[in-house]
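Engineer: For reference, the structure I am asking about is given below.
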Amino acid sequence: MSRSQRCLVLGSINCDEVFHLPHTIRPGETLSSTGISRCPGGKGANQAYAVAMAGGGVDMHGCIGVDGVWLRDFLGKAQIGVEGIRTVENEVTGRAIILLADDGENSIGKSLVVHRLTTVLSSGANAQCASPSSLEGYSHALFQNEIPLSSTIACLHVAAPQHLVTVFNPSPVPAPEELRTFPWHCISWLIVNEGELFDLVSACAETNTPAYDGDGHSSILDLHHAEGFDDIGIICTQGARGILYFHPTLTAGKVLALPAAALEMALVDTTGAGDCFAGTFVAGLMRGEGLEDVLKVCLAACAACVEAPGAMASYASWEDIKRRSGL
């Protein structure tokens, strides 16, 4: 990998507070937890961690409260550049409450499955995250949507004239009007799941599709023909079914598919798999590999991710990713 290949991640940094429950909580039920733990989270931090785990050079740019210094330290120990993480006085770090319910064995393969309900309680310091003043030294930039959209847009307006490869994972999905006015011409790659793809098509494409009909191929082409999407590569993740992907030149304008990678162990928890995919994808782009090879590596990384609980804690090492993908 060339020294000039480095990614900026502009995004959220959260403290995830995890409550372990004996079963899925029922409406109106008061339930004592069997344990509580704290772990790093936030889509921005997750994706930066995935870039690093896949061997990519990456810097995290975001905000924490005075209670979040341990998150900066954690990311730094993972070889992520943390100079762009700003501590906001009189503000708390973004928080999410995660309820983990162990409901026993599922009916397929007798594997233990974790049921997870996440509720974001406060954006906290993430609301103060602003675009960096300079993008010098970066070849790629990775964005999500857990910080002010205005900050993402401001950064994109700087990145595009400097010809950075920009990757956007619009999750959570912006409002329809925000989608319609977003500077899509500044985006190189768009990564969405099926629900996000439908929201984008509904807001931006000239189509009367009343609801997602399961035909991701046609939805991707509808989006490609929408204003501003002409030159964007589009990847739609489909969980256990794999991915659909499109690029106006790299796939000759065709929508192609790849199956999900085979699991080596039982499915446990899909949390963070989308972030794992996005970060691993950018790391592959920085290595300069062919698109299909990059995507197969992403799928291998995601297979490892869903075999373990949690987000960052489930991301495999680069050596394991290479082994699983046959590199």
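0 is the number of the first residue of the sequence shown in numbering that gives the first Met the number 0; add one for each residue after it.
By construction, the Cβ of each residue, glycine as well, lies at the ideal position given by its N, Cα and C atoms.
Since this is a predicted model, take the numbers as computed values, not measurements.
(1) How many Å lie between W188 and M52 at the Cα?
(2) Output yes or no for whether 8 Å exceeds the beta carbon distance between I12 and G61.
(3) State the beta-bridge partners of M59 as determined by DSSP.
(4) DSSP three-state call for N45: helix, strand or coil?
(5) Within the chosen definition, does the segment 227-235 reach the segment 259-268 through at least 3 CB pairs nearer than 8 Å?
(6) Is the beta carbon of P175 closer than 8 Å to that of E195?
(7) Just reading off the beta strand (DSSP E) that C38 is part of, what are its end residues?
(8) Report yes or no: do the segment 250-260 and the segment 298-308 share at least 3 C-beta pairs separated by less than 8 Å?
(9) Restricting to Cα atoms, I'd like to know which of H139, H223, S130 and L249 is closest to A47.
(10) Please give the ranges of any alpha helix (DSSP H) in the segment 232-313, keeping only runs that are unbroken, at least 4 residues long and fully inside the region.
(11) In three-state terms, what does DSSP make of E145?
(12) Quick check on R94: does DSSP put it in helix, strand or coil?
(13) Find the nearest neighbour of G241 within the set V296, M59 and K42, judged by alpha-carbon distance.
(14) With distances taken from CA atoms, which of L178, G123 and P160 is nearest F167?
(15) Shortest alpha-carbon distance to R5 belongs to which of V172, G238, I79 and E90?
(16) Cα separation between G325 and G289?
(17) Please classify A256 as buried or exposed, where buried requires at least 16 other C-beta atoms within 10 Å of its C-beta.
Structural biologist: Per the coordinate set shown:
(1) In the sequence shown, counting from the first residue as 1, residue 188 sits at position 189. In the sequence shown, counting from the first residue as 1, residue 52 sits at position 53. Rounded to the nearest angstrom, the gap between the Cα atoms of W188 and M52 is 21 Å.
(2) Residue 12 sits at position 13 when you count from the first residue of the sequence shown. Residue 61 sits at position 62 when you count from the first residue of the sequence shown. Result yes, Cβ atoms of I12 and G61 sit closer than 8 Å.
(3) Taking the first residue of the sequence shown as position 1, residue 59 is located at position 60. Note: M59 sits in a beta bridge opposite V8.
(4) Position 46 of the sequence shown, counted from the first residue, corresponds to residue 45. N45 falls in the helix class under three-state DSSP.
(5) No, they do not touch.
(6) Here residue 195 is taken as the residue at index 196 of the sequence shown, counted from 1. Here residue 175 is taken as the residue at index 176 of the sequence shown, counted from 1. Taking 8 Å as the Cβ cut-off, E195 and P175 do not qualify as a contacting pair.
(7) The residue labelled residue 38 in the question sits at position 39 within the sequence shown. G34 to G40 is the extent of the beta strand (DSSP E) around C38.
(8) Contact holds: three or more Cβ-Cβ distances are below 8 Å.
(9) Position 48 of the sequence shown holds residue 47. Ranked by Cα distance from A47, the options H139, H223, S130 and L249 are led by H139.
(10) Runs of the alpha helix (DSSP H) inside the segment 232-313: 272-286 and 290-304.
(11) As a working note, residue 145 is residue 146 in the sequence shown. Here E145 carries a coil assignment [DSSP, helix/strand/coil].
(12) The residue given as residue 94 occupies position 95 in the sequence shown. R94 falls in the strand class under three-state DSSP.
(13) What you label residue 241 is simply residue 242 of the sequence shown in a count that begins at 1. Here the closest residue by C-alpha is V296.
(14) Numbered from 1 along the sequence shown, position 168 holds the residue referred to as residue 167. The residue with the shortest Cα to Cα distance from F167 is L178.
(15) Looking up residue 5 in the sequence shown gives position 6. Comparing C-alpha distances from R5 to each of V172, G238, I79 and E90 shows the shortest one belongs to I79.
(16) Looking up residue 325 in the sequence shown gives position 326. Looking up residue 289 in the sequence shown gives position 290. Going by the C-alpha atoms only, they are around 15 Å apart.
(17) What you label residue 256 is simply residue 257 of the sequence shown in a count that begins at 1. In summary, A256 is exposed, with fewer than 16 beta-carbon neighbours lying within 10 Å of its beta-carbon over all protein chains present.
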